[in-house]
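Reminder that position 90 of the sequence shown reads as 751 in our numbering, one-by-one numbering, no gaps.
For each residue, glycine too, the CB sits at the ideal point set by N, CA and C.
Fair warning: this is a prediction, and the values are worked out from it, not measured in the lab.
Working notes, structure below.
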Amino acid sequence: MTESRGSESGGREFARVETALLEQLSNGTYHPGGLLRPQRELAAEFGVSRDTVQRVLRQLARQGWIEARQGSGSRVLKVPVGPSVEGRSTRPGRASLRPLIDAAFEQPTVSLDVFSLTSETFYSHLNVQIGRINEREIVPERLTVRLMLPSEDQTLAYPRAVAADDPRIWERWRDMARRHCNQSRALIGDLRAKGKVDAALTIRRVPLTPQFKLYVLNDTEMLHGPYEVIRRTIALEDDARTEIEALDVLGLGSPLSYHRREDEADSHDTTFFAGQQGWFESCWEELGVEEVGA
Numbered sequence: 662m663t664e665s666r667g668s669e670s671g672g673r674e675f676a677r678v679e680t681a682l683l684e685q686l687s688n689g690t691y692h693p694g695g696l697l698r699p700q701r702e703l704a705a706e707f708g709v710s711r712d713t714v715q716r717v718l719r720q721l722a723r724q725g726w727i728e729a730r731q732g733s734g735s736r737v738l739k740v741p742v743g744p745s746v747e748g749r750s751t752r753p754g755r756a757s758l759r760p761l762i763d764a765a766f767e768q769p770t771v772s773l774d775v776f777s778l779t780s781e782t783f784y785s786h787l788n789v790q791i792g793r794i795n796e797r798e799i800v801p802e803r804l805t806v807r808l809m810l811p812s813e814d815q816t817l818a819y820p821r822a823v824a825a826d827d828p829r830i831w832e833r834w835r836d837m838a839r840r841h842c843n844q845s846r847a848l849i850g851d852l853r854a855k856g857k858v859d860a861a862l863t864i865r866r867v868p869l870t871p872q873f874k875l876y877v878l879n880d881t882e883m884l885h886g887p888y889e890v891i892r893r894t895i896a897l898e899d900d901a902r903t904e905i906e907a908l909d910v911l912g913l914g915s916p917l918s919y920h921r922r923e924d925e926a927d928s929h930d931t932t933f934f935a936g937q938q939g940w941f942e943s944c945w946e947e948l949g950v951e952e953v954g955a
């Protein structure tokens, strides 16, 4: 992605939106031949100006990922393919979820522990992996997923409307989280019903506003990324496209740091891994309330 730092680059927001769109191309949100969402909707989704979106789209077009035509939208030409297990770095640092989850699902036994705000990203990647299973590209024998999300019993610190008495942004988050949970349940249920994989998904709600997203893969690798709080205008999906000033977070495109359980018990990475995994276990066991499928 070094090309993106050329004259078209607009700094941090440009890089974040570019990373997010490439991630969506990679995780199956968009497919070759399909259209990206309209620029106005992308700007609202990422909390940036339409000018930033336009510059990112021009960059992606130059790189050959999309074709942008005036009045016809941006059509996907191809999607990134994650590097192989041998080709990806095993050193701590910034990382992408796709190649790691690809490798995790290539093992006979797959386990995923996930903590996030909505599980939107997780669902997108799960959908891709189950597609690989259905195509017999991979043949895991067992899949166990534990998904930990905020409780619906209390107001979150974010996302929420700036006006304290306006619940609509919280309701928007609630509906989004429910939708992705139900979609994930349907994927796992279908996989189990076909007898292809011994698959299980457990969802627990905790009385916390996530400050970070966490993915633990096969008890050996971890991705961790903070949620950055921003103030932006969110357009509701109603007939009037009502706009509300809100506190939201940067989720899609936010950096994820890579960590692994190393042989050295007192290494920095192993210590961080153990601490975050212990935190997840304690919240799961002591705070989590299991959610029954809708």
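Item                                                                                                                    : Value
Backbone CA spacing between GLY672 and LYS857 [nearest angstrom]                                                        : 46 Å
Candidates LEU948, VAL890, ALA764: closest to GLY878 by CA position                                                     : First, the residue type needs correcting, since residue 878 is Leu and not Gly in the sequence shown. The option with the nearest alpha carbon to LEU878 is ALA764.
Simplified DSSP assignment, three categories, for PRO887                                                                : strand
Buried versus exposed, by CB contacts within 10 Å (16 or more), ALA824                                                  : exposed
Member of MET883, ALA818, LYS855, ALA926 whose CA lies at the smallest distance from the CA of ARG892                   : ALA818
Residue environment, THR903, which counts as buried when at least 16 other CB atoms sit within 10 Å                     : exposed
Limits of the unbroken beta strand (DSSP E) element including ARG807                                                    : 803-811
Nearest neighbour of SER687, chosen from PRO871, ARG759, GLY949, PRO828 [CA to CA]                                      : ARG759
Within 8 Å, strictly: CB atoms of LEU862 and LEU808                                                                     : yes
Buried or exposed by the 16-neighbour rule on C-beta atoms within 10 Å, applied to GLU679                               : buried
Neighbourhood of PRO741 by C-beta distance below 7 Å, restricted to the same chain and skipping five residues each side : LEU683, LEU686, SER687
Of the residues PRO828, SER845, VAL737, SER943, the one placed nearest THR635, counting alpha carbons only              : Because residue 635 is not part of the residues shown, which for the chain are 662 to 955, the question remains open.
CA-to-CA distance, VAL717 to ILE727, given in whole angstroms                                                           : 11 Å
Buried versus exposed, by CB contacts within 10 Å (16 or more), SER757                                                  : buried
Straight-line gap, GLU946 to ALA907 (C-alpha atoms, nearest Å)                                                          : 32 Å
Test item: CB-CB of VAL910 and PRO828 under 8 Å                                                                         : no
Per DSSP, cross-strand counterpart(s) of ILE727                                                                         : VAL737
Per DSSP, the bridge partner or partners of THR863                                                                      : ARG807
Whether THR816 touches TRP834 by CB criterion (8 Å)                                                                     : no
Spatial distance of THR894 from PHE707 (CA atoms)                                                                       : 11 Å
Beta carbon of LEU787 nearer than 8 Å to that of LEU884                                                                 : no
PRO811 and PRO769 closer than 8 Å at C-beta                                                                             : no
Other residues of its chain near ALA822: CB distance less than 6 Å, five sequence neighbours each side excluded         : ILE830, ILE905, ALA907
Closest Cα partner of ASP712 within the set HIS929, GLY792, PHE675                                                      : PHE675
DSSP-derived helix/strand/coil call for VAL709                                                                          : coil
Sequence-distant residues of its chain with Cβ nearer than 7 Å to GLU747 (five each side left out)                      : For GLU747, the pLDDT reaches just 35, beneath the cut-off of 50, and the residue's location in the model is therefore unreliable, leaving the point undetermined.
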